[in-house]
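In the numbering used here, the protein residues as written are 817 to 974.
Here is the structure we will look at, set down as structure tokens.
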């Protein structure tokens, strides 16, 4: 019986490892010569979560009020200052370096760079496996900002 359990355990471990993605190593540096109001630097993605740093120029890269139906997000300011807004432009928080917010899916929000320097903000998101995620815009997208717009960079080194 013990040998059967050990063999079954080995089979399960092998199946899990076959499906596993390789670890990803990244090295984040703010890209030089940014042209767009918002730039996104991908740190990595696992299939369940994604990490990135958004670089937002003051007054140029603010996004619009929107909801994600199946994506939770964690945001932490690395440099600059960010203000997060909820419905009716209620201020949810003003955050400086090492401060932030967790935004569960289904909440309407938008944010803006409100400091004196470009905002660098860490974004870590994960998706609910049983909910189809959609981004629902509650306002018009701002010029040059929105899904697929801006500049994109990759910080993965392996």
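From the three backbone atoms N, C-alpha and C, an ideal C-beta is built for every residue, glycine too.
Looking only at its own chain, which residues have a Cβ that is under 6 Å from the Cβ of residue 881, when we skip the five neighbours before and after it? 924, 926, 954, 955
For residue 891, which residues from the same chain have a beta carbon less than 6 Å from its beta carbon, with the 5 sequence-adjacent residues on both sides left out? 916, 917, 937, 939
Where does residue 828 sit, in a helix, a strand or coil, going by DSSP? helix
Under 8 Å between the Cβ atoms of residue 855 and residue 847? yes
Identified DSSP bridge partners for residue 856: 870, 968
Quick one: what does DSSP say residue 906 is sitting in, helix, strand or coil? coil
Could you work out which residue in 820, 877, 850, 857 is closest to residue 931 when comparing CA atoms only? 877
Of the residues 914, 966, 820, which one's Cα is nearest the Cα of residue 873? 966
To the nearest angstrom, how far is the alpha carbon of residue 860 from that of residue 844? 11 Å
The segment 821 to 832 contacting the segment 893 to 909, beta-carbon criterion three pairs below 8 Å: no
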